[in-house]
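Protein chains: 2
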Amino acid sequence: MQELVNILLAYINKSFKRSSKVLDFHYPHQLKEGLEGFSLELPDQPDNLEQLLVDCRDTLKYGVKTGHPRFFNQLSTGLDIIGLAGEWLTSTANTNMFTYEISPVFILMEEVVLRKMHSIIGWPEEDGDGIFCPGGTMSNLYSVLLARFHRFPVVKTHGMSAIPRLALFTSVHSHYSIKKSAAVLGIGSENVIVVRCDERGKMISSELNSSIETAKSKGLVPFYVNATAGTTVYGAFDPLNEIADICEHHGLWMHVDAAWGGGLLLSNKHRVKLQGIKRAHSVTWNPHKMMGVPLQCSTILVKRKGLLQECNQLCAEYLFQPDKHYDVSYDTGDKSIQCGRHVDVFKLWLMWKAKGSEGFEAQINHCLENAEYLYYKLKRRADFQLVFKGKPEHSNVCFWYLPKRLQSTLPSPERDRELHMVAPKIKTKMMEEGFTMIGYQPLEDKVNFFRCVFSNPATQREDVDFLIDEIVRLGCEL
Amino acid sequence: MQELVNILLAYINKSFKRSSKVLDFHYPHQLKEGLEGFSLELPDQPDNLEQLLVDCRDTLKYGVKTGHPRFFNQLSTGLDIIGLAGEWLTSTANTNMFTYEISPVFILMEEVVLRKMHSIIGWPEEDGDGIFCPGGTMSNLYSVLLARFHRFPVVKTHGMSAIPRLALFTSVHSHYSIKKSAAVLGIGSENVIVVRCDERGKMISSELNSSIETAKSKGLVPFYVNATAGTTVYGAFDPLNEIADICEHHGLWMHVDAAWGGGLLLSNKHRVKLQGIKRAHSVTWNPHKMMGVPLQCSTILVKRKGLLQECNQLCAEYLFQPDKHYDVSYDTGDKSIQCGRHVDVFKLWLMWKAKGSEGFEAQINHCLENAEYLYYKLKRRADFQLVFKGKPEHSNVCFWYLPKRLQSTLPSPERDRELHMVAPKIKTKMMEEGFTMIGYQPLEDKVNFFRCVFSNPATQREDVDFLIDEIVRLGCEL
Ligand SMILES: Cc1ncc(COP(=O)(O)O)c(C=O)c1O
Ligand SMILES: Cc1ncc(COP(=O)(O)O)c(C=O)c1O
Chain A
849 MQELVNILLA
859 YINKSFKRSS
869 KVLDFHYPHQ
879 LKEGLEGFSL
889 ELPDQPDNLE
899 QLLVDCRDTL
909 KYGVKTGHPR
919 FFNQLSTGLD
929 IIGLAGEWLT
939 STANTNMFTY
949 EISPVFILME
959 EVVLRKMHSI
969 IGWPEEDGDG
979 IFCPGGTMSN
989 LYSVLLARFH
999 RFPVVKTHGM
1009 SAIPRLALFT
1019 SVHSHYSIKK
1029 SAAVLGIGSE
1039 NVIVVRCDER
1049 GKMISSELNS
1059 SIETAKSKGL
1069 VPFYVNATAG
1079 TTVYGAFDPL
1089 NEIADICEHH
1099 GLWMHVDAAW
1109 GGGLLLSNKH
1119 RVKLQGIKRA
1129 HSVTWNPHKM
1139 MGVPLQCSTI
1149 LVKRKGLLQE
1159 CNQLCAEYLF
1169 QPDKHYDVSY
1179 DTGDKSIQCG
1189 RHVDVFKLWL
1199 MWKAKGSEGF
1209 EAQINHCLEN
1219 AEYLYYKLKR
1229 RADFQLVFKG
1239 KPEHSNVCFW
1249 YLPKRLQSTL
1259 PSPERDRELH
1269 MVAPKIKTKM
1279 MEEGFTMIGY
1289 QPLEDKVNFF
1299 RCVFSNPATQ
1309 REDVDFLIDE
1319 IVRLGCEL
Chain B
849 MQELVNILLA
859 YINKSFKRSS
869 KVLDFHYPHQ
879 LKEGLEGFSL
889 ELPDQPDNLE
899 QLLVDCRDTL
909 KYGVKTGHPR
919 FFNQLSTGLD
929 IIGLAGEWLT
939 STANTNMFTY
949 EISPVFILME
959 EVVLRKMHSI
969 IGWPEEDGDG
979 IFCPGGTMSN
989 LYSVLLARFH
999 RFPVVKTHGM
1009 SAIPRLALFT
1019 SVHSHYSIKK
1029 SAAVLGIGSE
1039 NVIVVRCDER
1049 GKMISSELNS
1059 SIETAKSKGL
1069 VPFYVNATAG
1079 TTVYGAFDPL
1089 NEIADICEHH
1099 GLWMHVDAAW
1109 GGGLLLSNKH
1119 RVKLQGIKRA
1129 HSVTWNPHKM
1139 MGVPLQCSTI
1149 LVKRKGLLQE
1159 CNQLCAEYLF
1169 QPDKHYDVSY
1179 DTGDKSIQCG
1189 RHVDVFKLWL
1199 MWKAKGSEGF
1209 EAQINHCLEN
1219 AEYLYYKLKR
1229 RADFQLVFKG
1239 KPEHSNVCFW
1249 YLPKRLQSTL
1259 PSPERDRELH
1269 MVAPKIKTKM
1279 MEEGFTMIGY
1289 QPLEDKVNFF
1299 RCVFSNPATQ
1309 REDVDFLIDE
1319 IVRLGCEL
């Protein structure tokens, strides 16, 4: 075990070193064929310990260093040492969140952390419930599930055939998990009405209102609106207060998907962007994104106490015996869709102890400063073009790189077709060389553009400079 | 980090030591008030490193040692050092399963492990798909979701209102996750038809057949049957071949919930109990139970290739760009309900390398021998009574303890009422003293009884002896 620890510590050190590569890319067939004795196949007889250590080293070697300061590819980046220590302890404790009986400390920590998050949202003391769940998609699924049950409790026992045809609302730029939830829950993805956004990616609230009216006139029953606080690609914040007004007017459940943007609530400077969030009935907030907590760490926060329990409980007697000797309201397992539930709270709790709320604030402000720095740099350059105007609200910066021959070409469908191929080509070379990583995508009528996101506090301005230079180096001759 | 590692290694050593306690129980209010400087509250300013180490030590101290050889409380027990090493590496790699781009090695390992599991089930080479997901409940939810989509693909887009009222079937002794899935998916828990079991807890297949007929005659559309291989409480195996015949006859999806019993497939001696499993359309198998893999590690295995993808894909462009430079069929993220997905495969892969299939076999046989040992011991005693007749099929042994004054009392409602209170009373004392832990529950007309389960290979006969002595010591005067 100590030898493995040495391997892991060496890896951690390397992850933080700018001179080391972010990844050592291989194609699937190369890895499958087995590289220098690294075979993925499972044996009947045991391998020896040395071989296992080699396997561990190789697994890390051929992976991607998501904690590297030049890894900009996902919303979850970084490698917080305290958070990692928390996760090592969690796996050593190897227990399950369903009952106080086998997780007394973690159950109470969950309560404390959730209460803290409620108060940061601004819900009154007596309100607030919630649970940690495996990812923001599951958190969003919970929100739709709860809203449906709240409106039509009979659905739990009698299903969708006992209730009218439902409609829910979310913006074009929102995360696909809202549609996925509707598909899974039996509502149907086409009953998710997609509301248009302005050019910054914010939901247009008047459009929301008219979509609700239209749905009603078609005989659908609107019950739920998802507002996004920090969209996945643009980092946009929907106008929460306007949306809350509309929800109140129509009597709809308001959910705020702050999976990505929730962290900004910890910043006095930036929390204004989420004004109105306290009016939501439920909130998704993923500490594993902007707060830099190791994966997985996601919450669904619910304003009304008791609803999670009512919606999900089935009172399995083998697990939730009512005749236990302690207060069984601490057996949270019947609140959740899952039975066994991984302990996701401890690493966050420990990080909070280690940084204090102020530490999170500083770290988040720093990430947003990096985004602003990149924005101002790109704005001044002719070989880059920003996808939308104005300073980023979150840490997302979206841009095209223009190779020489496209810089002077006037906009046209032909030019768009060429531009569309630039990002994938650069990305291919970037991954093969392995010094940095950034994602790209098209969106609506915009052809492939890069999205840079900052959530790793280890990233500095020199890394931002490096990213730009690297894109130019790989792309200028395209 | 090294200091934390020392704390963790000391904890691991202690977990294996019989003389150490399994738990040091405190009531919720005691822990919340804070014990000797262990405060759960979250600060604004950072705590210092020493305090954090104390917090880590205390978190472990007030928790439950689920790896202790005398912890019999849940299906997931034990603390496999290689598995733990795997989990430490996983959290250090801190990445996400949605794309090959950021998880090349883990994605390929998932493919290799799933293929191995398919072949163990007995599916032909060309069949088989699957995914790791957060727990057996989610695995079972996937199975119902897939079956519904397979029968009525329109449900994905148009919801349950576009299809007839469905019915699904599972046994009285099956896990509550089937009902929960029906509630979540919008089918409704009352449309889960519960089929009676024989006195060993096995589904009575003739009853299944008549339940299907009855449901049809009421206008419901049967589409899915869950057969359990290793029930939660009795450890019973449903007659898979008989159920498969019925499913074929009626054209229904057959799922086998082998969350708990799947491990037995690795044992040449015991796999006969799952005969017929290869006829299933989908299988839930949790390596985090009988195979002793650290939490969480659960799979849903699906016979038909491509169905997971068709059912769940939404083709989010920001994540699953079709114009990537590698074979994007390795981006498994669109197969899953989740977006971000924790890496659960590595620890299992590493354990498989370390033990070989033969190591798992030996370990599982050993657990079942412990169960048999306990069974024969209890059978001979007048102060214990077995809940059902015959040798256990799995590692579950269910029994009442009869305190002196109940040993000579004839069965009666009054005696049942008294007996019902024995297990909770013993459990209370057991937890307060902390030397061992075992669960209890009522089931159908049976009053509270103990369920002992073996999944920790560290448990030996002396621990079984200890458990019996401890129950007698704590309970004889009741
Ligand atoms: C037979 C069976 N299926 C499914 C489950 C659910 O597994 P999990 O707790 O991983 O969700 C259990 C849990 O005990 C079980 O015993
Ligand atoms: C706005 C938003 N919501 C939800 C999610 C889903 O989070 P997860 O990947 O943890 O499921 C994402 C992920 O990127 C997101 O950006």
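Residue numbers (the working numbering), protein chains in the order written: chain A, 849 to 1326; chain B, 849 to 1326. Backbone N, C-alpha and C define an ideal beta-carbon position, used for all residues, glycine too.
With respect to chain B, the C-beta atom of Ala1202 (chain A) has a partner C-beta closer than 8 Å.
Chain A places a beta carbon closer than 8 Å to that of Arg1189 (chain B), counting this residue as a contact.
When DSSP assignments are scanned along the stretch 1168-1249 of chain B, the uninterrupted stretches of beta strand (DSSP E) that are 3 or more residues long and fall wholly within it turn out to be 1232-1234, 1244-1249.
Taking C-alpha positions only, Leu1162 (chain B) is separated from Tyr1024 (chain A) by approximately 7 Å. In the same chain as Ile1094 (chain A), and ignoring 5 residues on each side of it, the C-beta atoms closer than 8 Å to its own belong to Ser1053, Leu1056, Asn1057, Ile1060, Val1073, Leu1100, in chain order. Secondary structure note for Thr940 (chain A): its alpha helix (DSSP H) is the uninterrupted segment 929-941.
Placement of the Cβ of Asn988 (chain B) at a distance of less than 7 Å from at least one heavy atom of ligand 1 is found.
Excluding the 5 residues flanking it on each side, His966 (chain B) has same chain C-beta neighbours closer than 8 Å at Asp975, Gly976, Gly978, Leu1149, in chain order. The contact set of Ile1185 (chain B) on chain A, defined by CB atoms closer than 8 Å, consists of Thr985, Met986, Leu989, Lys1028, Val1032 in chain order.
The beta carbon of Asn1074 (chain B) sits no closer than 7 Å to any heavy atom of ligand 1.
The Cβ atoms of Phe1208 (chain B) and Phe1232 (chain B) do not sit closer than 8 Å to each other. Gln1289 (chain A) belongs to the set of residues whose beta carbon lies under 8 Å from a beta carbon in chain B.
Taken through DSSP and simplified to helix, strand or coil, Pro891 (chain A) comes out as coil. For Gly911 (chain B), the chain A residues whose C-beta falls within less than 9 Å of its own C-beta are Ala941, Thr943, Ile950, Ser951, Pro952, Val953, Phe954, listed in chain order. Put simply, of A:Thr1018, A:Gly1287, A:Arg1152, A:Ser863 the residue whose alpha carbon is nearest the alpha carbon of Lys1275 (chain A) is A:Gly1287.
If you check the C-beta of Trp1108 (chain B) against ligand 1, you find a heavy atom less than 7 Å away.
Under a criterion of Cβ atoms nearer than 8 Å, the residues of chain B adjacent to His874 (chain A) are, in order, Pro952. Distance from the CA of Pro894 (chain A) to the CA of Trp1197 (chain B), rounded to the nearest whole angstrom, comes to 12 Å.
Excluding sequence positions up to five before and after Leu1315 (chain B), its CB lies within less than 6 Å of the CB of Thr1284, all in the same chain and listed in chain order. Neighbours of Glu1206 (chain A) in chain B, taken as residues at a C-beta separation under 8 Å, are given in chain order as Asp892, Gln893, Pro894. With a cutoff of 7 Å, Asp1192 (chain B) does not count as near ligand 2, since its C-beta is closer than that to no heavy atom of the ligand. Apart from sequence neighbours up to five positions away, the residues of its chain that approach Asp1311 (chain B) with a beta-carbon distance below 6 Å are Pro917, Arg918, ordered along the chain. At least one CB of chain B lies nearer than 8 Å to the CB of Lys1172 (chain A). Using a C-beta cut-off of 8 Å, the stretch 991-1009 of chain B makes no contact with the stretch 1108-1119 of chain A, since fewer than three inter-stretch Cβ pairs fall below that distance. Under the rule that a run must span 4 or more residues, the alpha helix (DSSP H) segments found entirely inside the stretch 1103-1173 of chain A read 1155-1160. Listed along the chain, the chain B residues whose CB falls inside 8 Å of the CB of Lys1004 (chain A) are Ala1031, Gly1036, Ser1037. Sequence-distant Cβ neighbours of Ala1271 (chain A) in its own chain, meaning closer than 8 Å and more than five residues away, are Trp1248, Tyr1249, Tyr1288, Asn1296, Phe1297, Phe1298. Rounded to the nearest angstrom, the gap between the Cα atoms of Phe1000 (chain B) and Ile1011 (chain B) is 7 Å. Residue burial annotation: Ser1115 (chain B) is buried, with at least 16 other C-beta atoms found within 10 angstroms of its C-beta. In the structure shown, Leu871 (chain A) falls within a strand segment according to DSSP collapsed to helix, strand and coil. When the beta-carbon positions are compared, His1021 (chain B) and Thr1076 (chain B) come within less than 8 Å of each other. Residue environment: Ser1260 (chain B) is assigned as exposed (fewer than 16 neighbouring CB atoms within 10 Å of its CB, all protein chains considered). Here Lys1195 (chain A) really is in contact with Glu935 (chain A); their C-beta atoms are around 5 Å apart, less than 8 Å. Annotation: Cβ neighbours of Val960 (chain B) in chain A (cutoff 8 Å, chain order): Leu888, Glu889, Leu890. At a cut-off of 8 Å, the C-beta of Gln1211 (chain A) has no neighbouring C-beta in chain B.
Boundaries of the beta strand (DSSP E) around Val1040 (chain A): 1040-1043.
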